[in-house]
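Protein chains: 4
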Amino acid sequence: MPQTSRVAVSLLSRTIGEDAVVTRNPERSRNAILRAATEEFATCGLGGARIDRIAARSGSNKRLIYYYFGSKETLFKIVLERAFAGIRSAEQALHLDELDPAEAVRQLITFTWNYYIAHPEFLTLLNSENLHRAVHLRSLPHIREMNSPLISLIDGVLERGRASKTFRGGVDAIQLYVSIAALSYFYLSNSATLSTVFGRDLLAPKARAERLSHMTEVILGYLLL
Amino acid sequence: MPQTSRVAVSLLSRTIGEDAVVTRNPERSRNAILRAATEEFATCGLGGARIDRIAARSGSNKRLIYYYFGSKETLFKIVLERAFAGIRSAEQALHLDELDPAEAVRQLITFTWNYYIAHPEFLTLLNSENLHRAVHLRSLPHIREMNSPLISLIDGVLERGRASKTFRGGVDAIQLYVSIAALSYFYLSNSATLSTVFGRDLLAPKARAERLSHMTEVILGYLLL
Amino acid sequence: MPQTSRVAVSLLSRTIGEDAVVTRNPERSRNAILRAATEEFATCGLGGARIDRIAARSGSNKRLIYYYFGSKETLFKIVLERAFAGIRSAEQALHLDELDPAEAVRQLITFTWNYYIAHPEFLTLLNSENLHRAVHLRSLPHIREMNSPLISLIDGVLERGRASKTFRGGVDAIQLYVSIAALSYFYLSNSATLSTVFGRDLLAPKARAERLSHMTEVILGYLLL
Amino acid sequence: MPQTSRVAVSLLSRTIGEDAVVTRNPERSRNAILRAATEEFATCGLGGARIDRIAARSGSNKRLIYYYFGSKETLFKIVLERAFAGIRSAEQALHLDELDPAEAVRQLITFTWNYYIAHPEFLTLLNSENLHRAVHLRSLPHIREMNSPLISLIDGVLERGRASKTFRGGVDAIQLYVSIAALSYFYLSNSATLSTVFGRDLLAPKARAERLSHMTEVILGYLLL
DNA sequence: CATGAATGAGGTTTCATTCAT
DNA sequence: GATGAATGAAACCTCATTCAT
Chain A
70 MPQTSRVAVS LLSRTIGEDA VVTRNPERSR NAILRAATEE FATCGLGGAR IDRIAARSGS
130 NKRLIYYYFG SKETLFKIVL ERAFAGIRSA EQALHLDELD PAEAVRQLIT FTWNYYIAHP
190 EFLTLLNSEN LHRAVHLRSL PHIREMNSPL ISLIDGVLER GRASKTFRGG VDAIQLYVSI
250 AALSYFYLSN SATLSTVFGR DLLAPKARAE RLSHMTEVIL GYLLL
Chain B
70 MPQTSRVAVS LLSRTIGEDA VVTRNPERSR NAILRAATEE FATCGLGGAR IDRIAARSGS
130 NKRLIYYYFG SKETLFKIVL ERAFAGIRSA EQALHLDELD PAEAVRQLIT FTWNYYIAHP
190 EFLTLLNSEN LHRAVHLRSL PHIREMNSPL ISLIDGVLER GRASKTFRGG VDAIQLYVSI
250 AALSYFYLSN SATLSTVFGR DLLAPKARAE RLSHMTEVIL GYLLL
Chain C
70 MPQTSRVAVS LLSRTIGEDA VVTRNPERSR NAILRAATEE FATCGLGGAR IDRIAARSGS
130 NKRLIYYYFG SKETLFKIVL ERAFAGIRSA EQALHLDELD PAEAVRQLIT FTWNYYIAHP
190 EFLTLLNSEN LHRAVHLRSL PHIREMNSPL ISLIDGVLER GRASKTFRGG VDAIQLYVSI
250 AALSYFYLSN SATLSTVFGR DLLAPKARAE RLSHMTEVIL GYLLL
Chain D
70 MPQTSRVAVS LLSRTIGEDA VVTRNPERSR NAILRAATEE FATCGLGGAR IDRIAARSGS
130 NKRLIYYYFG SKETLFKIVL ERAFAGIRSA EQALHLDELD PAEAVRQLIT FTWNYYIAHP
190 EFLTLLNSEN LHRAVHLRSL PHIREMNSPL ISLIDGVLER GRASKTFRGG VDAIQLYVSI
250 AALSYFYLSN SATLSTVFGR DLLAPKARAE RLSHMTEVIL GYLLL
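Residue numbers (this note's numbering), protein chains in the order written: chain A, 70 to 294; chain B, 70 to 294; chain C, 70 to 294; chain D, 70 to 294.
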């Protein structure tokens, strides 16, 4: 029976004529698994994630997951690594050094906010990893590179702002970076409980716009002289 | 009612000749279980928590947990409810209305920071609940009361600050409350990954002091005219 | 459905009136599992043994096996320990010190032969353990007591035989003990391949009698002056 | 036939311009697999052996193992057959008929002992096969030839010994052969558990020498008049 | 009130084997 | 001849939960 269906699939892919959709495509299989795993880990956490569901979602099977990744834990590590790689890659598009200081900060806040909204899995994956006290992250070979290259860019922006007498002095780039992340992260990551407690939908378009504007005011209100 | 039976039991154990260690104490058993469950849920999340471990940690047994709480999920709900009750109760000690506006804000930031540090389980429990999109919280009968009474107090502080021309106007109390929480919460809740990525211990005494000072500057820098 | 059958069983046991057959009988459950496990490990080896089959054979379920024994490996260890305890206990019935030397040796050979025939599982369990280079045995707390108390008895017999000029001198008790075991053990443990290779049934009654007689002749032929 | 194809392949690889390392060498691949399989089956037993490990150890891959041998079971059979072929071939070097009876027996014991020490895999493979009640052995086409040609040689030695009044009469060659094997086999095959139980290393050089000497004394003590 | 005994369902992982190239 | 990719079946083990006392 499985044999029949495999033949059918095989014929199908030939009929369609897509070279890439041949049954054997390791790259594609690996990616499908990683995508499904990202979703699953983001939705259920490491403990709540189910290999079975990842197999189903990815259109592959449990065995293949172990063939490629060895264990649930390893899979989680790679998913996490990719999540970091994703945001670091997106940050490349920012050119803070080419903007005037206030605009650069505005861009950074907006970028952070939008990225978190577009990638809610990043927030939950990070929460999971923090629950596990960063054990997986720590074991990754490229953690150093996880460090945002933005820090030094922010440092430059702060310096320029101070030089032009538009920004206050004595601001630590890391503290600022963390605070900007915090204002978006907490609001989005905790939107479910906050919405419940406050009795209003924090993710409604209007609420979102208000939040972005508030955050920008807070940060610039603090920085601008 | 529990008291009556406890006395009876107590007499019984004396009759039997048992030692001073009262084995039958419903209140004590319940609390021991709740304490252990809080620790377990905080450490492992809802999915990762194990009834077995809660039984062991509480010095009771699995059956008793079911006797008192019916299910893991219900137990989690009660733990969550108590966590909210805890912070609401601590907030009672703040008397924001008796302080001048800037000092009130300073107090609020410090209180939030210290409470999160003293109650790390509050952060992880909340993260777990957000992972589950607040389903447990929503089903609690007293959610309304979960809403922090601080909001209206903060509103008062902002109003007084604006009236005395020390604070800027147009600040939403909820946005400010969320931002103050965010600055502490994110830093502490994500300290493991942040410390790993930045390569320095964010929880070291000096780092903590710097963070508190930074947060205060950000918020007051924003509010003060 | 499971509930129904449990009730039925419960009623059944009451009807029969056997007190011992109540549903809850840990001792009985444990023993049933150990008996089934002994059979399974003896038949299939450690690697080939299946927890499912042990559960089925013992009339219990997989979960209970883990409840009592924790792991397949631990279960194997306990089975092994009991196998040793069994032969040591049977050896108690021998009273080599009360017999004249030649008769004592004859008794020992016969006992060994008969015990191995009656307990084929002892041989295969021991073979499994040797395949694993005695790791399980070594971790047992009472290995010292596994040492046969027969060694010193044999030593006494050899001494008496030498004193009475019936036995040769210079015989090491351990070597002799091992040799006596070897002659029976190899024949029985390898009877399948030997029978196949020689094309005759080594376990047929006549063949058995001949073997016992041969072994006795070899050992006594060696010992007697 | 294999040779022809090998040449072809060889030419092919030269044409392609590959290095001197011939990748395609069926004979070599087959042997590498058989060697690795022998090790694996000897170390882990049939049930514990892993095709994956055999592939890794042999430097080939799983698919090739199936290409050549069809199944794990068949592979085991061939490994077993080769093990028997090995000892039969080694026995060829013995010329019991050219030695005087006592010396012939001494040689046989020494040979057996040394062969088992040099080929521990023979013992464990045989144990595995006995656990499986010789099913694989029985299905081999050449079992008859597995029968040691030594039996008739031993028969001759016994006859000569009896004729020269140096050996006792009535000794069955098979029984003697089995006993000689038994004394070495049991000691070596069970050395792990015996060493553990007796608390001394039975494989230490001194212990080995003592064992060989003891075994020789037992057998000759029995045979010699 | 309290607890050891017991279990069905389902979890991660492993395995021999086959497919497609 | 040779190999990476893929898989159904089943292994060991875990879990929340319930039973019987």
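Glycine included, every Cβ here is placed at the ideal spot set by N, Cα and C.
From a predicted model like this one, the values you see are computed outputs, not experimental measurements.
Asked                                                                                                               : Found
Alpha-carbon spacing of E286/C relative to Y291/D, whole angstroms                                                  : 7 Å
Test: V226/D CB closer than 9 Å to a CB of chain C                                                                  : no
Secondary structure of L200/C, DSSP reduced to three states                                                         : helix
DSSP state of L168/A mapped onto helix, strand, coil                                                                : coil
Outcome for V204/B when other beta-carbon atoms lying within 10 angstroms are tallied against a minimum of 16       : exposed
Extent of the continuous alpha helix (DSSP H) to which H283/C belongs                                               : 274 to 292
Within chain A, partners of H283/B - CB distance below 9 Å                                                          : V240, D241, Q244, L245, V247, S248
Helix, strand or coil at A232/C [DSSP, three-state]                                                                 : helix
Within-9 Å CB hit, V90/A to chain B                                                                                 : With a pLDDT of 39 at V90/A, under the threshold of 50, the modelled position of this residue cannot be trusted; read the value that follows with caution. Not one chain B Cβ lies under 9 Å of V90/A.
Residue environment, L227/C, which counts as buried when at least 16 other CB atoms sit within 10 Å                 : buried
Cα-Cα separation, I288/C to A250/D                                                                                  : 15 Å
Of the residues S129/B, L177/B, E96/B, the one placed nearest A242/B, counting alpha carbons only                   : L177/B
C-beta neighbour in chain A for S197/B, strict 9 Å                                                                  : yes
With 16 other Cβ atoms within 10 Å as the buried cut-off, status of G230/B                                          : buried
Chain C residues whose Cβ lies nearer than 9 Å to that of F138/D                                                    : Under the 9 Å cutoff, chain C gives no residues; its nearest Cβ is about 20 Å from F138/D.
Complete alpha helix (DSSP H) runs within the region 115 to 145 of chain A (minimum length 4 residues, chain order) : 120 to 127, 131 to 138
Three-way DSSP call (helix, strand, coil) for P95/D in this model                                                   : helix
Per-residue burial, P210/C [other beta carbons within 10 Å of its own, 16 or more giving buried]                    : exposed
Y254/D to L133/D span [Cα, whole Å]                                                                                 : 35 Å
Where S158/D falls, given that 16 or more other Cβ within 10 Å makes a residue buried                               : exposed
Distance, N183/A Cα to G114/B Cα                                                                                    : 28 Å
Endpoints, alpha helix (DSSP H) assigned at S248/A                                                                  : 242 to 258
Within-9 Å CB hit, G230/D to chain C                                                                                : no
Three or more C-beta pairs below 8 Å linking the region 99 to 108 of chain B and the region 133 to 144 of chain B   : yes
Sequence-distant residues of the same chain with beta carbon closer than 8 Å to S140/A, five excluded per side      : none
Contact under 9 Å by Cβ, E198/B with L149/B                                                                         : yes
Within chain B, partners of R280/A - CB distance below 9 Å                                                          : Q244, V247
Closer than 9 Å at the beta carbon, the chain C residues around N216/D                                              : V266, F267, G268
Start-to-end residues for the alpha helix (DSSP H) that takes in R213/A                                             : 212 to 215
Beta-carbon proximity check, G268/C vs N216/D, cutoff 9 Å                                                           : yes
Cβ-Cβ distance between A261/C and R202/D below 9 Å                                                                  : yes
D224/C in three-state terms, based on DSSP                                                                          : helix
Outcome for S282/D when other beta-carbon atoms lying within 10 angstroms are tallied against a minimum of 16       : exposed
Interface flag, L177/C vs chain D, CB-CB below 9 Å                                                                  : no
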